[in-house]
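> Please find one structure pasted underneath; my questions will follow.
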Amino acid sequence: MTEELKEYYSSLKGKKVFFLGAGISHRDLIRKFAGLGAEVTLCDRKSLDQLGDFGRECEGLGVDLQLGDGYLDRLADADLVFRTPGIDWTKPEIQKAISAGVKITSEMESFFDLCPCRIIGVTGSDGKTTTTTLIAKTLEAQGFRVHLGGNIGIPLFPIIDEVRHDDIAVVELSSFQLISMRKSPSISVVTNVTPNHLDHHKDMDEYVGAKKNIYLWQNGDTVSVFNAANDITRQMATEAKGEIRWFSRYGRVGNGAYVSSDSKLISVEHGAEHIVMDLSGIRLRGEHNKENVATAYSAVKDLVSDSVFAETVREFGGVEHRIEFVRSLDGVAYYNDSIASSPTRTIAGLRSFSEPIVLIAGGYDKKISYAPLAPEIVSNGVKAVLLCGDTADAIERELRNCEGYTEDIKIKRLSDVPECVAAAREISKPGDVVLFSPASASFDMYANFEERGKHFKKLVQELI
C-alpha cells in the first residue's frame, strides 16, 4: 500500500461520506469505509425491503440510510459523495452539492487519483469492450499482472490495496463515467464517436465533451490512440498532448496500425511498416473486429511482442453478446449481438455475414436516428426484419422510406423477444443467419443488454 493511500484512508475517519446507489463497487466501499471510521450514508431510491440483506447489513454497520424518492435531498450535508455513473452528473441536487463545496467523485475517479500503476483507458461509441478485452489479454499473455475494470471486469477501487507499481490497469470508460473526470490514463484509446446516449446527454456536444476527458488531462509523456476514419476522433487528435497513434481499416496511417486490403495487420512506426499478422483466419467475425485488433495493437505495441500479440488474437473467440454464436438448428445459425444498442453497432453486425439474414431488432429509444441503418438492411442481404420495443416504429418507418426497399424484405411487428425468436424459427431456412442485433438499448424490457442477451440465448437453446 502506498503512503498516499494510507493517508487517504486515515483522512476518512469522521468524514461524512455519501454513496449514491448500492451497486457492487459501492457495497465493497461502504463496508471498507465504515470500518475505517467514516460516517457513511447510503442514498438509494430503493426501499429497505428492496435492498434486502444488504440493507440490513448496512444497519448493522451503522450506515445511515437515505432511501426512497428524496434519496438525494441531503447531499449538501456530505463532505464526500461517490456517484454511480447511472446518476446524471447534471442533476440539480448534485450541482447544488458542488456549489456548497462538497467533493463529488466516483469509484473510477478515486481509482485514477490513487492508482500506483500505469492505466490504459478505452472509450468510444462502439468496439470498447472487445478492444479493452484484447488489450488486457495480450498484456497478460506478455506476463503483466493486469487489473481489468470500468464497465467490465471488477470494481478496481475496492481492491486498490492489492495493485502494485509494475501492474497495468486496463479500463473501459463510458461517457457517464468520463463526464466528471479530471484525470486521464497514460494510454488513452478512442475507438470512434457517433451519436449515442442522447436520451441521457443534453446534446451531442455534451456527449463528445465527456469522451474528450479520456485524453484532455494527459501530459507530453502519454499516448493517445485515435480512429483515423472518424471525423470526430480526427478533430480530437488536434487537442492531444502526447504521442498520437492512429488505427484504420480503410487505408494507411502515419503512426500506429492499419488493416490492409488483403487482411494483414500492419504496424507503422513513423512511416516505417512491417506485417504483424494475417487476420484472415481469426475467430472474430466482421471487418469491424479486425479494426478492433488494430486498435488494441496501437495501444500495446510498445508493451507486447508481435508474436505474443498474434498468438493471443488467433485464440480469442470474442466477448459474450458481441456477434456471439449461440447454436445451429436445422441449418440456421443463431447469433447474439445484444450489445448492439445503436444503429452503428447493428450495421457492423450486418456487415459480418454474407449469408441471408433474419434480423431481430428494436428496444428502448435513446433518441438517435435510424436513417443510417435502413440502407444497410437493404444492401446487406436481410430477408426479414422482426421488430419489437419502443423503437420499432422508427426502424420500420426509415426502412420503408429507404431508397431500394422492396416488399421482398419482410417486416413483422411483434410484442417481445420471445415472439421474435419464434417468428425467426418459422421464417428462416437452411443457410440463413438469425441475428439478434437490436440497434437500441434494452431498458424498455430488460435491466441491461446482458440480461437481454442471456434471455435471447435461452430462448434459442429451447427451440426444437
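Per this note's numbering, numbering of the sequence shown is gapless, rising by one per residue and ending at 552. Beta carbons: idealized from backbone N, C-alpha and C, even for Gly.
1) Helix, strand or coil: which one does DSSP assign to Gly405?
2) If you reduce the DSSP assignment to three classes, tell me which class Ser355 lands in.
3) Confirm the yes/no value for this check: CB of Asp176, any heavy atom of the ligand GDP, distance under 8 Å.
4) Looking only at C-alpha atoms, which of Val473, Thr479, Lys546 sits nearest to Pro506?
5) If we count Cβ pairs, one from each stretch, closer than 8 Å, do we get three or more for the stretch 227-234 versus the stretch 273-283?
6) The alpha helix (DSSP H) with Gly238 in it runs from where to where?
7) In terms of residues, what are the limits of the beta strand (DSSP E) holding Val55?
8) If you count every other CB in all the chains shown that lies within 10 Å of the CB of Tyr534, and 16 or more means buried, which is it?
9) Do you know how far the Cα of Ala224 is from the Cα of Val396?
10) How would you call Gln265, buried or exposed, if buried means at least 16 neighbouring beta carbons within 10 angstroms?
11) Can you give me the C-alpha to C-alpha distance between Ile207 and Ile118, rounded to a whole angstrom?
12) If we ignore side chains and look at the alpha-carbon of each, how far apart do Glu491 and Ile499 end up?
13) Just to check my reading of the structure: Lys134 and Leu155 have Cβ atoms closer than 8 Å, yes? What is that Cβ distance to the nearest angstrom?
14) Could you pull the start and end residues of the alpha helix (DSSP H) that Thr282 belongs to?
15) When we look at the beta-carbon of Glu379 and count the other beta-carbons within 10 Å, is it buried (16 or more) or exposed?
16) For Ser268, does the three-state DSSP call read helix, strand or coil?
17) Quick check on the burial criterion: 16 or more other C-beta atoms within 10 angstroms. Buried or exposed for Thr494?
18) Taking its Cβ as the centre, do 16 or more other Cβ atoms sit within 10 Å of Asp453, making it buried, or is it exposed?
19) Tell whether a beta-carbon distance below 9 Å holds between Pro431 and Leu475.
20) If you draw a straight line from the alpha carbon of Ser355 to that of Gln138, how long is it in whole angstroms?
21) Mind checking which residues open and close the beta strand (DSSP E) that includes Gly209?
22) Does the distance from the C-beta atom of Leu168 to that of Glu92 stay below 9 Å?
23) Please state whether the Cβ-Cβ distance between Thr321 and Val278 is less than 9 Å.
24) How about Ile483 and Ala527: are their beta carbons less than 9 Å apart?
25) Do Lys290 and Thr178 count as a contact pair if the criterion is CB distance below 9 Å?
26) What do you get for Lys94, buried or exposed, if any count of 16 or more other CB atoms within 10 angstroms of its CB means buried?
27) For the beta strand (DSSP E) that contains Ile370, what are its first and last residues?
28) So, with DSSP's three-state summary, where would you put Gly123?
29) Beta carbon of Glu327, beta carbon of Thr310: below 9 Å?
30) When the Cα atoms are used, what is the spatial distance from Leu391 to Thr217?
31) Residues bridged to Thr193 by DSSP?
32) Use the C-beta contact count for Arg433: other C-beta atoms within 10 angstroms, 16 or more gives buried, fewer gives exposed.
33) Please classify Asp157: does DSSP put it in a helix, a strand, or coil?
34) Does DSSP classify Val381 as helix, strand or coil?
35) Grab the span of the alpha helix (DSSP H) containing Gly140 for me, first residue to last.
Quick answer:
1) coil
2) strand
3) Within the structure as shown, the ligand GDP is missing, as the structure has no ligands at all.
4) Lys546
5) no
6) Gly238 -> not in any alpha helix (DSSP H); beta strand (DSSP E) instead, spanning 234-238.
7) Residue numbering for the chain in the displayed model covers 89 to 552; residue 55 lies beyond these limits and cannot be assessed.
8) buried
9) 13 Å
10) buried
11) 25 Å
12) 16 Å
13) 6 Å
14) Element bounds for Thr282: n/a, residue is neither H nor E.
15) The C-beta of Glu379 has 16 or more other C-beta atoms within 10 Å across all chains shown, which makes the residue buried.
16) coil
17) Its Cβ having fewer than 16 others within 10 Å, Thr494 is exposed.
18) buried
19) no
20) The C-alpha of Gln138 is placed about 53 Å away from the C-alpha of Ser355.
21) Where Gly209 is concerned, the enclosing beta strand (DSSP E) stretches over 206-211.
22) Cβ atoms of Leu168 and Glu92: not closer than 9 Å.
23) Taking 9 Å as the cut-off, the Cβ atoms of Thr321 and Val278 count as close.
24) yes
25) The criterion of a C-beta distance shorter than 9 Å is satisfied by Thr178 and Lys290.
26) exposed
27) First-last for Ile370: undefined, no H or E at that position.
28) helix
29) no
30) The straight-line gap separating the alpha-carbon atoms of Leu391 and Thr217 is approximately 20 Å.
31) Thr193 pairs with Phe170.
32) buried
33) Asp157: coil per DSSP, three-state reduction.
34) helix
35) Its alpha helix (DSSP H) spans residues 136-149.
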